[in-house]
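In what follows, a single structure is set out as structure tokens and then discussed.
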Amino acid sequence: MALQIVHHPDYDAGFAVNHRFPMSKYPLLMEALRARGLAVPEALSMPEPAPAAWLKLAHAADYVDQVLACEVPARIEREIGFPVGQRVSLRAQLATAGTVLAARLALKHGIACNAAGGSHHARRAQGAGFCTFNDVAVASLALLAEGAAENILVVDLDVHQGDGTADILKDEPRAFTFSMHGDRNYPARKIASDLDIALPDGTGDAAYLDRLRAILPELSARRRWDMVFYNAGVDVHAEDRLGRLSLTDNGLRARDKTVISHFRARGIPLCGVIGGGYSTDAPALAARHAILFEAAAAYA
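For the sequence shown, the UniProt record's numbering gives the first residue as 1, with consecutive numbering after it.
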């Protein structure tokens with residue numbers, strides 16, 4: 001069966017090619033998935049914008065209203081890293097709804113991926129770090145609210161610590177947040193996850209995979225998870241300009257296979273999101289993000 005993939009053309013908010021946030025990676029990722037035979041029409045789904053009620057499960061109501069009205073205060077826009085105009089607001093609503101939809105597809109099919117998502121720096125009160133809404137936190141709280149899941153695990157392997165997800169879910173006992181990230185990287189002030197592993201600069205494939213393989217059984221032993229959200233950020237790659245770690249393409253492939261196989265072997269549904277990746281070589285960046293989908297397709 002084909003891998004269930006959620007995508008929308010408006011995941012690309014049309015930033016200038018020299019912007020630090022490489023928006024062009026979203027359409028290029030879909031091109032890469034089509035070239036690999038993964039983006040087949042019968043397995044593609046397109047989200048509608050997330051309703052305000054979903055967004056307000058995770059975020060302060062006044063902040064949600066500001067984003068929807070494109071009236072975000074300038075000081076918050078500076079923390080996000082770009083102005084929140086109509087295209088950015090729509091993109092945030094769609095990407096968030098895309099993760100909710102992918103999670104529901106994962107519950108039905110066992111595994112699904114959103115071709116965006118992983119906006120883990122958006123906190124309850126506001127966005128930050130190129131993240132407007134926290135899609136994984138919204139999706140987690142939406143599934144819990146509707147009774148679709150009772151225990152949710154977030155496995156965040158983006159190079160940056162998942163501070164926003166930790167902030168939003170810290171008082172939710174049914175959700176457990178795990179982040180393995182670069183120690184000396186953004187954010188400077190981290191918000192503790194339920195479990196954090198901080199890696200030194202330059203960590204390569206072998207050391208990274210050893211730490212990951214050691215921790216996964218511990219995560220599985222904590223309780224019976226109904227859903228795993230997997231943030232597969234590729235900014236751990238050696239050539240990422242914001243990363244500071246040293247994984248190769250083969251390391252990314254091994255990482256994604258390790259995570260996905262671990263949870264799928266236990267019959268636990270998994271929703272993949274692409275997370276961060278920052279490179280001036282956008283086609284190479286898209287190819288790195290495609291590795292998640294290649295790994296996931298083996299378990300569809």
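Here a beta-carbon is modelled for each residue, glycine too, at the ideal position from N, C-alpha and C.
- If you compare the alpha carbons of Tyr278, Leu141, Asn18, Arg78 with that of Gly127, the shortest gap goes to Arg78.
- Rounded to the nearest angstrom, the gap between the Cα atoms of Ile268 and Arg224 is 8 Å.
- Apart from sequence neighbours up to five positions away, the residues of its chain that approach Asp167 with a beta-carbon distance below 7 Å are Arg123, Arg124, Ile191, ordered along the chain.
- Where Asp171 is concerned, there is no enclosing beta strand (DSSP E), because DSSP gives it neither an H nor an E.
- Leu94 sits in a helix when the DSSP states are folded into three classes.
- Taking the CA atoms as reference points, Tyr230 sits about 5 Å from Gly272.
- In terms of Cα proximity to Gly275, the closest of Ala139, Leu219, His289, Leu195 is His289.
- Apart from sequence neighbours up to five positions away, the residues of its chain that approach Ala254 with a beta-carbon distance below 8 Å are Asp205, Leu209, ordered along the chain.
- The segment 230–276 contains, as complete alpha helix (DSSP H) runs of 4+ residues, the segments 249–264 (chain order).
- For Met30, the three-state secondary structure derived from DSSP is helix.
- Under the three-state reduction of DSSP output, His181 falls in the strand class.
- The alpha-carbon separation between Gly147 and Asn134 amounts to approximately 20 Å.
- The beta carbons of Ile5 and Ala43 sit closer together than 8 Å.
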